[in-house]
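Novice: The structure follows.
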Amino acid sequence: MTKKLFIKTYGCQMNVYDSERMAGALSAHGYTATDLIEEADLVVLNTCHIREKAAEKVYSELGRVRQLRDRRRADGQDVTIAVAGCVAQAEGEAMLQRAPFIDVVVGPQAYHRLPEMLARRGNRGPGIVDTEFPIESKFDELPDALVPAGPSAFLTIQEGCDKFCTFCVVPYTRGAEASRPAGAILREARTLVQGGACEITLLGQNVNAYRGTAPDGTGWGLGRLVRELAEIPGLARIRYTTSHPRDVDDDLISAHRDVPQLMPFLHLPVQSGSDPILKAMNRKHTADDYLRIVERLRDARPDLALSSDFIVGFPGESDEDFRATLRLVERVGYAQAFSFKYSPRPGTPASLMKKQLRDPVKTERLAHLQELLEVQRRSFDSASIGVQMEVLIERDGRDPGSKVGRSPWLQIVHLEGPDLRVGDLVTVEIEQLHARSLGGRLLGPPAQRGRAA
Ligand code: 5AD
Ligand code: SF4
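Numbering of the sequence shown is given in this note's numbering, commencing with residue 637 and proceeding in unit increments.
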């Protein structure tokens, strides 16, 4: 008998990847995925802890799922409720105390045990919790990704973080840095490409801290891994996210020079442009270190575009500290960026710092920074007008015959291409600038054809 599985995924791409892998593991136990929560026999909330009041939001969502279960129970059906991800990890047993109707609480390192936990849980008794960091790796236990959802696939190569930035919960929820063996990654990448993927984004909380055991017994860093992946026929695009400036090494920089498949777009969070704030954040780099890395990357790959994360209003941030951030943004010139008001996360050192800033100050600084970043984004996009670039077709557009794809710099590109299919790589001349995307004209037949009909 098949059961229906509904997974709601919050947060980062690593959670998206984990959700796919959980679905894969559960499909071996008779579950098929559904997009309709109303028909689900098993609801998994794969949660994220990075935003403010993350746990509160999960509890209110759980309240709604419980109502759904009550309705289904009134009809003689049942729903099993599982909470996964970083809120599950952080809350652990406390979740069952606050929401005793939950069946299973499972942390990100224990997903491979989910089918067994569900079986153990059965129909009665208290819910069960597994937030351990088991010795066996979940990657060895979970089945490989089956068929990629589209031409662009994610592949987790590394998890966890040893950096302990003072504002961040990740080192507590995802644990210490751990890298998957290179052989397993290459195997999974080949499976994804055979299944129709032509772009792979390598994922990790600290992806460029990657140091995995290689088939030859040595350790490979990210640069070497990228070079090996580039040997896979049909894999046209390689990306990686999220990197830490401290772990950008010479080999990775030269991979940007040597490997054409490595896309010229890099998300390299800096968080702040002020050295005292970077120090208080325990970022382990100065503003100058960051600028020098950017310069070296651009020497290696002159068309490299950058993106970053910023936090404004970190405890103790003065007007001058904030101006230093604006100066750094001016110096780098970002293609896009994410920016946040600092908000204290329980259990992190920064939440205990004395000089917490008032919200209006944070709001004003955020608006100011976002204005600058928006100007830069627009100017980056405007500079694409008249440029010929390769676009990977990702889906049909709204109008018949229209298609939507992505540029090497992750810009969304709309074009007319009735004969194109998803996964095609085409050359396009950019002609229009829309609010959050570009419009282009197809210049010829695809250089590489997609698998999807
Ligand atoms: N407050 C605000 N932003 C945060 N981030 C992480 N923790 C906090 C926090 N306590 C942001 C950082 C990080 C991104 C994923 O979320 O900029 O790079
Ligand atoms: Fe969090 Fe810093 Fe680690 Fe990034 S590097 S996950 S911000 S602790």
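Where a beta carbon is used, it is the ideal one built from N, C-alpha and C, also for glycine. Computed from a prediction, not measured in an experiment: that's the story for all the values here.
Who sits around the ligand 5AD, taking every residue whose Cβ is closer than 6 Å to one of its heavy atoms?
Specialist: Qualifying residues come out as Ile686, Phe803, Cys804, Pro905, Gln907, Asp945, Ile947, Phe976, Tyr978, Ser979 and Arg981.
Novice: Could you have a look at Glu1126 and say whether DSSP puts it in helix, strand or coil?
Specialist: Residue 1126 is absent from the model: the chain starts at 637 and stops at 1089.
Novice: Counting C-beta neighbours from all protein chains within 10 Å, is the total for His1070 16 or more, i.e. buried, or is it exposed?
Specialist: His1070 should be labelled exposed.
Novice: On a CA-only basis, which of Met899, Asp911, Thr827 and Ser1038 is nearest Ala941? Give me that one, please.
Specialist: Comparing Cα-Cα distances from Ala941 to each of Met899, Asp911, Thr827 and Ser1038, the minimum goes to Met899.
Novice: Looking at the structure shown, is Leu1046 part of a helix, part of a strand, or coil, going by DSSP?
Specialist: It is coil, neither helix nor strand.
Novice: Using CA atoms only, rank isn't needed, just tell me which of Ile821, Val829 and Val906 is closest to Arg847.
Specialist: It is Ile821.
Novice: Please identify the residue among Pro938, Arg823 and Asp852 whose C-alpha is closest to the C-alpha of Leu865.
Specialist: The candidate whose alpha carbon is nearest that of Leu865 is Arg823.
Novice: Assuming Gly819 is part of the alpha helix (DSSP H), what are its boundary residues?
Specialist: Ala818 to Gln830 is the span of the alpha helix (DSSP H), which, as asked, contains Gly819.
Novice: May I ask you to report which of helix, strand or coil DSSP gives Lys998?
Specialist: Helix.
Novice: Which ranges does the beta strand (DSSP E) cover as unbroken runs of at least 3 residues, wholly within the stretch 654 to 716, from first to last along the chain?
Specialist: Correct list: 667 to 669 and 678 to 683.
Novice: Would the stretch 995 to 1008 count as touching the stretch 1048 to 1055 if we require 3 or more Cβ pairs under 8 Å?
Specialist: Judged by Cβ distances under 8 Å, the stretch 995 to 1008 makes no contact with the stretch 1048 to 1055, as fewer than three pairs qualify.
Novice: Run through DSSP, which three-state label would Ser910 get?
Specialist: Looking at Ser910 - three-state DSSP - the assignment turns out to be coil, as it is neither helix nor strand.
Novice: Below 8 Å, how does it come out for the stretch 830 to 841 and the stretch 715 to 724: are there three or more Cβ pairs, yes or no?
Specialist: Segments in contact, no.
Novice: With DSSP run on the structure shown, which of helix, strand or coil describes Phe803?
Specialist: Residue state, collapsed to three classes: coil.
Novice: Once the 5 residues before and after Val1027 are set aside, which same chain residues still bring their CB inside 8 Å of it?
Specialist: Gly1041, Arg1042, Ser1043, Val1049, Leu1051, Leu1061, Val1062, Thr1063, Val1064 and Gly1076, listed in sequence order.
Novice: Closer than 8 Å to a non-hydrogen atom of the ligand SF4 - does that hold for the CB of Gln745?
Specialist: It does not: the Cβ of Gln745 is nowhere closer than 8 Å to a heavy atom of the ligand SF4.
Novice: Of the choices Asp887, Tyr695 and Ala785, whose alpha-carbon is the least far from that of Glu727?
Specialist: The candidate whose alpha carbon is nearest that of Glu727 is Tyr695.
Novice: Closest to Asp924 by C-alpha separation, out of Leu1079, Arg963, Gly949 and Gln897, would be which residue?
Specialist: Nearest option by C-alpha distance: Arg963.
Novice: Would the stretch 870 to 879 count as touching the stretch 896 to 910 if we require 3 or more Cβ pairs under 8 Å?
Specialist: Output reads yes: the stretch 896 to 910 touches the stretch 870 to 879.
Novice: Starting from Leu1061, trace the alpha helix (DSSP H) in both directions and tell me its first and last residue.
Specialist: First-last for Leu1061: Leu1061 to Leu1069, but that is the beta strand (DSSP E), not the alpha helix (DSSP H).
Novice: State the DSSP-derived secondary structure class of Ile738, mapped to helix, strand or coil.
Specialist: Note: Ile738 maps to coil in three-state DSSP.
Novice: Are the CB atoms of His685 and Cys722 nearer to each other than 9 Å?
Specialist: Closer than 9 Å, so yes.
Novice: At which residues does the beta strand (DSSP E) containing Gln1084 begin and terminate?
Specialist: Segment: none, Gln1084 is in no beta strand (DSSP E) and carries neither H nor E.
Novice: Under the criterion of a Cβ to heavy atom distance below 8 Å, does Lys799 qualify as lining the ligand SF4?
Specialist: Yes, the ligand SF4 has a heavy atom inside 8 Å of this Cβ.
Novice: Does the contact criterion of 3 or more C-beta pairs under 8 Å hold for the stretch 643 to 659 versus the stretch 670 to 683?
Specialist: The answer is yes - the stretch 670 to 683 touches the stretch 643 to 659, with three or more Cβ pairs under 8 Å.
Novice: Quick one: is the Cβ of Arg919 within less than 8 Å of any heavy atom of the ligand SF4?
Specialist: Arg919 Cβ: within cutoff of the ligand SF4.
Novice: How would you write the range of the alpha helix (DSSP H) that Thr792 sits in, first residue to last?
Specialist: Counting along the chain, Thr792 falls outside any alpha helix (DSSP H), though it belongs to the beta strand (DSSP E) covering Ser788 to Thr792.
Novice: Pull up the distance between the alpha-carbon of Ala818 and that of Gln1047, whole angstroms please.
Specialist: Rounded to the nearest angstrom, the two C-alpha atoms are 30 Å apart.
Novice: Alpha carbons only, please: which of Arg702, Gln1024 and Gly1086 is nearest the one belonging to Leu1079?
Specialist: Nearest C-alpha to Leu1079: Gln1024.
Novice: Between the C-alpha atoms of Arg1057 and Ala872, what's the straight-line distance to the nearest angstrom?
Specialist: So the two alpha carbons sit approximately 16 Å from each other.
Novice: From which residue to which residue does the beta strand (DSSP E) around Tyr876 run?
Specialist: Arg873 to Thr877 is the extent of the beta strand (DSSP E) around Tyr876.
Novice: Using CA coordinates, which residue listed in Pro982, Val701, Glu931 and Val997 is at the minimum distance from Gly584?
Specialist: Residue 584 is absent from the structure shown; the chain starts at 637 and stops at 1089.
Novice: Measuring CA to CA, which of Phe958, Leu858, Pro982 and Arg1013 is closest to Gln972?
Specialist: Out of Phe958, Leu858, Pro982 and Arg1013, Arg1013 has the C-alpha closest to the C-alpha of Gln972.
Novice: Please confirm whether any heavy atom of the ligand SF4 lies closer than 8 Å to the CB of Gln841.
Specialist: Gln841 Cβ: within cutoff of the ligand SF4.
Novice: Let me know if Ala1089 comes out buried or exposed under the rule of 16 or more other beta-carbons within 10 Å of its beta-carbon.
Specialist: Model confidence at Ala1089 stands at a pLDDT of 43, short of 50, so the residue's coordinates are unreliable; what they give is reported in the following sentence. It counts as exposed.
Novice: With distances taken Cα to Cα, identify the nearest neighbour of Arg1072 among Ser1020, Gln725, Asp1055 and Thr922.
Specialist: For the residues Ser1020, Gln725, Asp1055 and Thr922, the minimum Cα distance to Arg1072 belongs to Ser1020.
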